[in-house]
Structure formats: C-alpha cells, structure tokens
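Step one of this worksheet: look at the structure below.
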Amino acid sequence: MKLINDDLTAIPEETLLHRILFYLSIPMMLTALYLAFIYTPVERVMGVVQKIFYFHVASAWVAFFAFFIVAVFSIMYLVKRKRIYDVIAGISAEIGVVYTAIVLTTGPIWGRSAWNAWWSWEPRLTTTLILFFMYIAYIMIRHMDVAWEKKARFASVFGIISFINVPIVFMSIRWWNSTLHPVVLGEGGVNESGGGLEPSMLFALIFTVFTMTILYFVLLQKGVYIERLKIQAERLKEKFQEKLAG
Amino acid sequence: MNNLFRAAFIIAGKDLYSEWKTKQVVTTMLIFSGLVIVTFSFAFDPSNNAVRAIIPGLIWVITIFSAILGLNRSFLSETKNDNLYGMIVSPTDPSSIYLGKVIGNFIFVLIVQLISIPVLFLLFDFRFFGHLPLFIIVVVLGTFGFISVGTFLAGLAANSKSSEMLLPILLFPIVSPIIIAAVQATKILLIDLEQISSAISWMQLMGAYNLIFFVLCFILFEYVLEV
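So the sequence lines, in the order shown, correspond to chains S and U.
Under the UniProt record's numbering, the letters of the first sequence match residues 1 to 246, in that order.
Under the UniProt record's numbering, the letters of the second sequence match residues 1 to 227, in that order.
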C-alpha cells in the first residue's frame, strides 16, 4: 500500500486507489439504499422500522473493525515510531466513534417499536455504550496540549488498553445477565442475523455491510489525506517563521 | 528484579512518609467520603428497609470517587520541582515507579475504606450478616484493580494541563468491568448469601482482570514516562 510507505515530507496528493474507492462507493451506496428500502420485503411483525436493521448491523461491524484497526496501528506505532501509523490509528478511531454513534441512535429507534422501550440495559447495548465512551476518551487524549510524539505515544498505549478491555466488558456483562437477570427482551436486535432471515434480506444485509466497509476506507483515506495536509501546513508555517526570524 | 522491588518500596515509602507528615490526601478523601454518606442519607431515607439494597453500590461509589482525588494528586505532586523527571533519569526501571505509586495509592484507599465502610454501616444502621472474609477479599480485589489502572492513567493524564478533568473520563470506561463485578459480588455477599457460588465467579473475573491489566500497565508504563 502506497499510503503507509509515505514519509509525510512531501505534499500529499490523492492516489488512484482513493479515486477508485470514492467513485465505487457512490453507486454502491445507492444500490444499498435501493436494496434496503425497495428490494427487500417489509418484515411482518415490526413493519417498516425493520429497514433500519441493515444499516444498524453494518455500522456496528464497521465500528468494531475500525477499533480493531486502531489497536493494530497503535501497536505498530509503539514498535516502529512512524507518524503515519499514529495518523491512521487516530482517524480510524474518529470514524469508529461516528459509526458507534450511528449504532447507538438507530438502535433505540428500532428498540422503541420492537421492545416498546428506548433503551434496555442489555449486554450488547451496555457494551457498545462503554465502547463509545472509551474511544471518546481516546479522542480526548489526541487533543491534549503536548507535542505530537507524546500524544501519539499516550494514544497508542490507551488504544491498546481499551481494546483489551472490549472482550472483557463483553464477557462480563454477558455473565452478569445470564447469572442474575433473566433476558427479558430476547437476544437483542443485533443478534438476528443468524438463521431465520429471508434470502433477499440476507443479501441486502451482506451488501450493506460491504458498502459500509468501502465507505470506511474512503473516509479513512480522506482523513489521512487531510491530516497529512495539516502536518504539511504546520511544517511550512514553521519554515516560514524561521525564515522571518533569520 | 530485586532492585525493581527495592526502588518500588522506596517510592511507596516516600509517598507514605510525606502523607504522614502533611496528612493532606487521606484527610481530603475521608472528608469527601463522609460528605457522600451524608448526601446519600438525604437522598435515601436510612430508616427505610429498602435502603439495604443500595449499600453495596454506595461502598463502591465512596471508594471510586475518593480514590479519584488521591489518584489525581499522585503524579501531579511529582511535577513540582521536576521530581518526575528526576525519577525518570534515576537508574531504576520505569516499572518500579509504577509499582511504587500503585502500592502508595492502594494503601491510601484501603485506609479510607477501613474507616468509611464501618461508618457507612453504622449511619445506615446496617447489620452485617454476610461472609466477612470473602467480603474483605472482594473489597481488596476491586480496589486493587481500580488503583492499578487508575495509577497508570493518572501518570498518562498528568502530562495534560487539564488532568483533573481528563482522568475520570479515561478511567471510568476502562474499569467498568471491575466495578460491575465488584458491585455484584458485594451485593451477593452482603444481602443474598444463597448465591455465593456466583459471587465466587465474579471474584474470578476480578482476579483475571487484575492480572491482565496489572501486567499490561506494568509493561506499558515505560511508554508513558518516556520524555
């Protein structure tokens, strides 16, 4: 990948891969919308609200994937100390938080009509909310008022720790639910992708997940591009100031 | 290895000694926990029998919020006169600084708990019929997990100008499993003794969490202190 080998000293330019992904994502998004809203049949029990499910599941998958990328690039930053790894981890965390916010807003909209309650302290929901808070904290570290090397180090360390926490949170709350509280509201909306899906619905779901993943990569590339422009602008500014002083 | 523990005990001893001289941190934490108890006594009528159910949660609310006060101080006090820099350049492992700070903070919080939990039971007229040794183990395990992650993140947050604001936001999501486990186990041991086997499994979770995070923080602390 060209993206990773760059040394951040040159003024960045949009790569071909970037443009391909971008122009691919537009028709895919439209197709995904068509599949979700027109192609698939209306669900018998929940009605139209069920349509939200495709984007809900896709966003959840992309959010987890984004946080996984954060952890991987955090470890790589601590080992190799290349700024581009830190940039990628940071952008990925921001995208992950956006997608988690989508999950946390579409979830209650769906839940209101399916469970007749906006929110339930069910394992999946609680875990996702905690995950959301963890990566908001991660972004707050990235906005600390210290030199970028320090910030990058702290963010990497925090990214690793919070990712280790994810399975623990997930398991612990699962445990809590099964031992102390009966599951009142079924297995939660997110779990339904198992067995009983209509083939057309399953196809729409898989397609939406794929589209959202493409969108993630488009956003990631765009974010990294903007971040590199920022770094470059910073560098030019410093150079200019030196020139003025000297 | 021996050197690591020696340096850690020296740092912890220094913290405890300066605390003994000034009595600033523990006093503040104790006053704060007392105020929390008073506030809760207004919020929930202590004569009401249903209040028994909130005692386990109350124990951890007191612990967490008073511990935050101490954690905020533990590295900020070192930034004065560049003490932290002195520690970094001294010929010790960075992990021993972490270990020393964990020991110091852990002892502070245990002292606060030793006083505030009996006071809480007394003021809410709570008669203890639970399993005392297991209860003590749960309190120690939960506090240790909270302090080991908290000390690590306090070291991280101390670099920011707004560290008092940053620390709780970083810390609470990360320690949520240990808080959930601690509250659930305490609830069972204080109120619902029949379910003691599930309390044991909560304690196993706490043990595993403590082990993973202590080792991880121990290894990663080097990166936090690097100049």
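Note that CB positions come from ideal geometry on N, CA and C, so glycine has one too.
In terms of Cβ geometry, M29 (chain U) and V109 (chain U) form a close pair [threshold 9 angstroms]. One thing to note: I139 (chain S) has its Cβ no nearer than 9 angstroms to the Cβ of E198 (chain S). According to the DSSP assignment, F37 (chain S) belongs to no alpha helix (DSSP H), since it is labelled neither H nor E.
Using a Cβ-Cβ cut-off of 7 angstroms, E226 (chain U) is close to R153 of chain S, given in chain order. Contact note: A137 (chain S) reaches chain U through I169, L170, P173, using a C-beta cutoff of 7 angstroms and chain order.
Any Cβ of chain S closer than 9 angstroms to the Cβ of P177 (chain U) would place that residue at the interface, and such an atom is present. In the DSSP assignment, H56 (chain S) falls within the alpha helix (DSSP H) that extends over 52 to 80. Scanning chain U for C-beta atoms nearer than 9 angstroms to the C-beta of F158 (chain S) yields L153, L156, L170, I174, reported in chain order. Look at V103 (chain S): its C-beta is not under 9 angstroms from any C-beta on chain U. Inclusion of T40 (chain S) and M212 (chain S) in the CB contact set at 9 angstroms is not warranted, their separation being larger than that value.
About 7 angstroms separates the CB atoms of N210 (chain U) and S148 (chain U); that is less than 8 angstroms, so the two are in contact. Taking CB atoms only, S172 (chain S) has a neighbour in chain U less than 9 angstroms away. Chain-order list of chain S residues neighbouring Y209 (chain U): I168, by C-beta distance under 7 angstroms.
Three or more beta-carbon pairs separated by less than 8 angstroms are not found between the stretch 141 to 156 of chain S and the stretch 97 to 106 of chain S, which leaves the two stretches without contact.
Contact between G70 (chain U) and V119 (chain U) does not hold, since the beta-carbon distance rounds to 18 angstroms and is not under 8 angstroms.
For E78 (chain U), no pairing in a beta bridge is given by DSSP. Sequence-ordered contacts of the stretch 112 to 127 of chain S with chain U are nonexistent [C-beta pairs closer than 7 angstroms].
Contact of V146 (chain S) with chain U is assigned, a C-beta pair being separated by under 9 angstroms.
In its chain, beyond the 5 residues on either side, P108, G111, L125 have a beta carbon closer than 8 angstroms to the beta carbon of W119 (chain S).
Taking CB atoms only, F213 (chain U) has a neighbour in chain S less than 9 angstroms away. Secondary structure of G130 (chain U) (DSSP, three-state): coil. A distance below 9 angstroms separates the beta carbons of L134 (chain U) and M203 (chain U).
In terms of Cβ geometry, F217 (chain S) and L30 (chain S) do not form a close pair [threshold 9 angstroms]. Within the same chain, and ignoring the five residues on either side of L16 (chain U) in sequence, the residues whose Cβ sits closer than 8 angstroms to its Cβ are G104, I107. Using a C-beta cut-off of 8 angstroms, the stretch 149 to 156 of chain U makes contact with the stretch 168 to 175 of chain U, since at least three inter-stretch Cβ pairs fall below that distance. The beta carbon of S162 (chain S) falls within 9 angstroms of a beta carbon belonging to chain U, placing the residue at that interface.
Annotation for I191 (chain U): no alpha helix (DSSP H) segment contains it, and DSSP assigns it neither H nor E. Apart from the 5 residues on each side of it in sequence, L219 (chain S) sits with its Cβ closer than 6 angstroms to the Cβ of I95 in its chain, given in chain order. Taking a 10 Å sphere around the C-beta of R81 (chain S), we find fewer than 16 other C-beta atoms and assign the residue as exposed.
Nearest C-alpha to S90 (chain U) among U:A8, U:L123, U:F126: U:A8.
Rounded to the nearest angstrom, the gap between the Cα atoms of L166 (chain U) and A67 (chain U) is 15 angstroms. When C-beta atoms of the stretch 182 to 202 of chain U are compared with those of the stretch 44 to 61 of chain U, three or more pairs fall below 8 angstroms, so the two segments count as touching. Cβ contact annotation for L193 (chain U) (same chain, cutoff 7 angstroms, sequence separation greater than five): G130, H131, in chain order. About 27 angstroms separates the Cβ atoms of T208 (chain S) and I173 (chain S), ruling out a contact at the 8 angstroms cut-off.
E238 (chain S) and D82 (chain U) have their C-alpha atoms some 29 angstroms from each other.
In the displayed model, G246 (chain S) falls within coil according to three-state DSSP, outside both helix and strand.
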